[in-house]
Amino acid sequence: MASIRQTIDVDRRPEDVYDYITDTPRMPEWQLSAVSAERLDEGPFGIGSRVRVTRHVGRRVMPMTMEVTEYDPPHTWGMHGVDGPVRARVHGEVEPFDEGQRSHVTIDIDLEGHGVGKVLVPLVMRPQVRKELPRNEQLLKDRLEHTGE
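The sequence shown maps to residues 341 to 489 in our numbering.
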């Protein structure tokens with residue numbers, strides 16, 4: 341199945357946007373389904389780093405472990421789920437424009453079900469992500485443009 345893709349322009353430098361997006365504990369500030377997010381390892385954040393994200397999935401709260409698969413500041417990042425019934429594959433890009441003062445942000449999410457997740461993906465997760473991703477990007481934009489984060 342095709343990934344879910346959403347793009348938005350943010351009136352902030354790419355470095356600012358990238359730093360905020362990849363700051364794990366801040367995920368719940370701009371991702372509606374995220375309840376909490378924490379690093380599971382020590383050291384610098386980068387490829388191979390692991391993050392536990394707890395999300396609302398339908399009426400349940402589910403923890404899931406994500407591993408960083410791409411990390412090229414301030415341009416691209418990627419993560420994929422390594423456990424749980426629903427495993428997301430996320431790819432993000434931050435492209436500069438307006439002489440590097442603004443950013444074009446694109447996020448692609450694909451979902452893979454395992455066990456009961458094979459039912460959850462088409463019935464619950466894919467519709468939830470389709471609805472949530474544009475709202476998440478708007479929250480990201482509002483947070484970065486209006487609060488000076």
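The C-beta atom is built at its ideal place from N, Cα and C for all residues, glycine as well.
If the criterion is Cβ atoms closer than 8 Å, does the pair residue i and residue j meet it?
i, j, result
"P414", "V434", "yes"
"V375", "P384", "no"
"Q346", "P436", "no"
Grab me the residues of residue i's own chain with a C-beta within less than 8 Å of its C-beta, minus the 5 sequence neighbours each way, in chain order.
i, result
"V397", "S373, V426, L460, V464, M465 and Q468"
"H420", "M406, E407, T409, R427, A428, R429 and V430"
When we look at the beta-carbon of residue i and count the other beta-carbons within 10 Å, is it buried (16 or more) or exposed?
i, result
"Q441", "exposed"
"I387", "exposed"
"G455", "exposed"
"K481", "buried"
"E306", "Only positions 341 to 489 of the chain appear in this structure, which leaves residue 306 out of reach."
"L451", "buried"
"R395", "buried"
Just to confirm my understanding: we take residue i, look at its own chain, exclude 5 residues before and 5 after, and list those with CB closer than 7 Å. What are they?
i, result
"R470", "I344"
"Q371", "N476"
"R366", "Y360"
Short of 6 Å in beta carbon distance, which residues of its chain neighbour residue i, apart from the five on each side in sequence? Order them along the chain.
i, result
"M404", "V393, G421 and G424"
- Pair every Cβ in the segment 470-486 with every Cβ in the segment 345-365, then say whether three or more of these pairs are closer than 8 Å. The answer is yes - the segment 345-365 touches the segment 470-486, with three or more Cβ pairs under 8 Å.
* To do: Only counting runs of 3 or more residues, tell me where the beta strand (DSSP E) segments fall wholly within the segment 406-468, in order along the chain.
  => Considered as a whole, the segment 406-468 harbours 416-421, 426-437 and 442-453 as its complete beta strand (DSSP E) runs of no fewer than 3 residues, in chain order.
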